[in-house]
Amino acid sequence: MEKLSFFWNELKSTFWFLPIVIIVVAIAIALSLLNLDQNIDMPEFGIWKFIFIESPDSARSVLTTISSAMIGVTGTVFSVTLVALTIASNQFGSRLIKNFMHIRLNQVVLGTYVATFVYCLFVLNAIKENDNIDFIPRFSILVALVVATCNIILLVIFIHGIAVMIQADNVIANISASISKDIDTLFPEKIGDEQKTLRDDEIDNYKNSYRFKTKIASPRNGYLQYIDGKSLMEKVVKLNGMIELYFRPGYHLVKDEYLATLYTNEELVTDEIKKIQEQFIFGTTRTAQQDMEFSIHQMVEIASRALSPGINDPYTAISCIDNLSSTLSYLSHAQFPSPFRFDEEKKLRVIANTMKFEGLMDASFNQIREYAKGSTIVIFRLMDALITINKFTEQGHQKEAIRKHARMVMNLGKVSIAEQSLVEELEEKYEVFKN
């Protein structure tokens, strides 16, 4: 089921899925309304005579006008979307295009315009005019008029959404919000029960209690995108064994590289090894579903591009640093999942490669710090960010990681800032970490 959830989330992020669903719904609505028009006589008196169309030629003219306008606007929507994606790719990097494809408004607008066009074609085809009978689907045409009017409003909303979507601050804030939201889905949070720590000798005792150990190799080249933890646990319990994972989602593996070791009391056959391999999903790109570092790297990439000589936009980099500081401040008191996962009988079944706060600190600041050379304002903001994160941390190993980065920022300031008074000001900020 977890694999189905992964593929469902990936499917929803495509640019074609929701528009196709909307088109199918539009066809179903068209057929339903045509059936309604065929079985119900619409009133032709009072205000209704100004609403319902009376002649087949007028009906064809209205539907042709709407369908032509919709397909024309669809081309405009495509063009605006592609321009926005091009700007986003140039400014933020091609890896962020998928974030824009996730935005529902773009998919809904594109799907609605194409669906309106298809709806008009179906209704237009149903209009009959001959010597025996005239069939004018008045109610279906009225719905087309209402939808066309709503589409005008939708176009204005779309243009506004595109203008907001490509603003750097909004892009960065959305990535930051997704990181905080995904903390509860971190691998291996959903696998069995956890125990925070085990001593090395206890781990060795678990491993030595099994007669056989089988290396599980990567079936292909690519990024490890997802691990179906629940199904993996079920397979390991069925084999009455234990598995040690060397990698977590986000790592790139080469075909036949060992990604895990499976400990069992009976020698495994090829089919059993293949079933274990099937719980690991590989792809050509990284995804954010179980890989928090990927989202952090997206913000780091924006900051690095902003600090490059060709762009030289320190304020976008500062926005990234500010959002990273708020994210890491939140993560400093979040519960990271334990690598030791137990089954219902309290037997150790999975030893996972888990993410740690120290690793997120390195991923957040190492590259930005390198690009910050010569930018006094960015160096100061890096120090301010570390001071902010330090206020929220209580655990000693986290404070040590923050002090390490503060020390490196201080060293960078000494060699990069020419004005001595600014160096002294930076040293005053650094005093917080000496206490």
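In terms of UniProt numbering, the sequence shown has 387 at position 387, counting the first letter as 1, and numbering is strictly consecutive.
We put the CB at the ideal spot given by N, CA and C, even for glycine.
Check whether the Cβ atoms of residue i and residue j lie closer than 8 angstroms to each other.
i: residue 432; j: residue 387; result: yes
i: residue 364; j: residue 300; result: yes
i: residue 111; j: residue 18; result: yes
i: residue 371; j: residue 406; result: no
i: residue 216; j: residue 259; result: yes
i: residue 107; j: residue 15; result: yes
i: residue 183; j: residue 34; result: no
i: residue 212; j: residue 264; result: yes
i: residue 446; j: residue 426; result: Past the edges of the chain, shown from 1 to 435, lies residue 446, and the structure says nothing about it.
i: residue 100; j: residue 305; result: no
i: residue 412; j: residue 373; result: yes
i: residue 164; j: residue 218; result: no
Rank the options by C-alpha distance to the C-alpha of residue i and give the top, closest one.
i: residue 343; options: 240, 27, 92, 101; result: 240
i: residue 20; options: 258, 182, 423, 109; result: 109
i: residue 97; options: 138, 401, 85; result: 85
i: residue 245; options: 271, 191, 297; result: 191
i: residue 29; options: 60, 315, 116, 8; result: 116
i: residue 5; options: 286, 351, 312, 281; result: 281
i: residue 379; options: 314, 402, 10, 349; result: 314
i: residue 230; options: 15, 9, 349; result: 349
i: residue 221; options: 256, 39, 123; result: 256
i: residue 136; options: 63, 193, 402, 271; result: 63
i: residue 179; options: 408, 289, 3; result: 289
i: residue 203; options: 152, 119, 373, 341; result: 341
i: residue 9; options: 72, 242, 103; result: 103
i: residue 140; options: 327, 427, 27; result: 27
i: residue 142; options: 306, 36, 291; result: 36
i: residue 7; options: 156, 228, 32, 71; result: 228
i: residue 276; options: 235, 292, 252, 65; result: 235
i: residue 291; options: 305, 251, 311, 310; result: 251
i: residue 119; options: 309, 170, 65; result: 65
i: residue 381; options: 424, 362, 361, 409; result: 409
i: residue 71; options: 82, 148, 12; result: 148
i: residue 362; options: 194, 266, 40, 294; result: 294
i: residue 151; options: 69, 164, 170; result: 69
i: residue 166; options: 87, 346, 219, 13; result: 87
i: residue 58; options: 145, 82, 32; result: 145
i: residue 347; options: 237, 417, 266, 271; result: 237
By Cβ distance, which residues of its chain are closer than 7 angstroms to residue i, with the 5 residues on each side in sequence left out?
i: residue 76; result: none
i: residue 121; result: 67
i: residue 89; result: 97
i: residue 154; result: 109, 112
i: residue 114; result: 19, 23, 74
i: residue 56; result: 127, 129, 134, 136
i: residue 249; result: 187, 224, 225, 226, 227, 290, 291
i: residue 278; result: none
i: residue 274; result: none
Name the DSSP beta bridge partners of residue i, please?
i: residue 194; result: 341
i: residue 350; result: 243, 341
i: residue 213; result: 263
i: residue 280; result: 227
i: residue 252; result: 223
i: residue 129; result: 134
i: residue 258; result: 217
I believe residue i touches residue j by the beta-carbon criterion, under 8 angstroms. Please report the beta-carbon distance rounded to the nearest angstrom.
i: residue 337; j: residue 198; result: So it is not a contact: roughly 14 angstroms between Cβ atoms.
i: residue 286; j: residue 226; result: In fact, because the Cβ distance is near 11 angstroms, the residues do not count as touching under 8 angstroms.
i: residue 242; j: residue 206; result: 6 angstroms
i: residue 377; j: residue 390; result: Residue 377 to residue 390, Cβ: 21 angstroms. No contact.
i: residue 209; j: residue 307; result: Incorrect: roughly 52 angstroms between the Cβ atoms, too far for contact.
Once you ignore the five residues that flank residue i on each side, which residues in its own chain have a CB closer than 8 angstroms to its CB?
i: residue 397; result: 357, 358
i: residue 333; result: 392, 393, 394
i: residue 323; result: 172, 173, 175, 176, 299
i: residue 80; result: 158, 159, 162
i: residue 60; result: 124, 127
i: residue 13; result: 98, 101, 102
i: residue 170; result: 164
What residues in its chain sit with their C-beta under 6 angstroms from that of residue i, if we drop five residues either side in the sequence?
i: residue 385; result: 321, 325
i: residue 303; result: 317, 320, 368
i: residue 339; result: 351, 352, 354
With respect to 7 angstroms, is the separation between the Cβ of residue i and the closest non-hydrogen atom of the ligand NAP below this value?
i: residue 71; result: The ligand NAP is not part of the structure shown, which contains no ligands of any sort.
Does any CB atom of chain B fall closer than 8 angstroms to the CB of residue i?
i: residue 21; result: No chain B is part of this structure, which consists of one protein chain only.
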